[in-house]
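The structure appears below as structure tokens.
Numbering (our numbering), first residue to last: 246 to 424.
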């Protein structure tokens, strides 16, 4: 049995959970998110606790999905109460980022500026030209947008230029030398 089935998800005061069949709706101060439970998994709300249960006589697949469902439900609760944030750094001479409305403009050393539309439900902020902050309630959407921004110019190993996550260590290579 999964250990997650023995441990409840604690609900903060401002978070409300409603269940309709397999659909779970989590409503909080930052918004409303939904999730469809896998088959043979049930959810019980007791006070300020959320319990995940496997239906009796079920196969091993729902037990395997219990950990994933537990993590997703925990992320929904955290997302509507606190939100998620991902920071990126733009490293390189002439590399910069700027937000104009719902568009992120990036100068990444290409012959043209790169523009990226900001999806609904997410906020992008550039407190400095070399720093990008992605915020939102959905952890998957925040991580996906941050990964798409990073993929435009991944950090290269020789000079370390590119877009990287804040605090990310780039393993540097020694330059090639003539013998």
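Heads up, the beta-carbon is just placed ideally off N, CA and C, and yes, glycines get one too.
For the pair of segments examined, the region 310 to 318 was found not to touch the region 350 to 357: the number of CB pairs separated by less than 8 Å stays below three.
If you look at residue 403, you'll find it isn't in any beta strand (DSSP E); DSSP assigns it neither H nor E. DSSP places residue 342 inside the beta strand (DSSP E), whose first and last residues are 341 to 345. Fully contained in the region 294 to 354 are the following beta strand (DSSP E) runs of length 3 or more, in chain order: 294 to 299, 329 to 336, 341 to 345, 348 to 352.
Under the DSSP assignment, residue 373 falls in the beta strand (DSSP E) whose first and last residues are 367 to 373.
For residue 394, the enclosing alpha helix (DSSP H) covers residues 384 to 397. The criterion of a C-beta distance shorter than 8 Å is satisfied by residue 286 and residue 314. Within the model, the alpha-carbon separation for residue 256 versus residue 273 is close to 10 Å.
In the DSSP assignment, residue 287 falls within the beta strand (DSSP E) that extends over 286 to 291.
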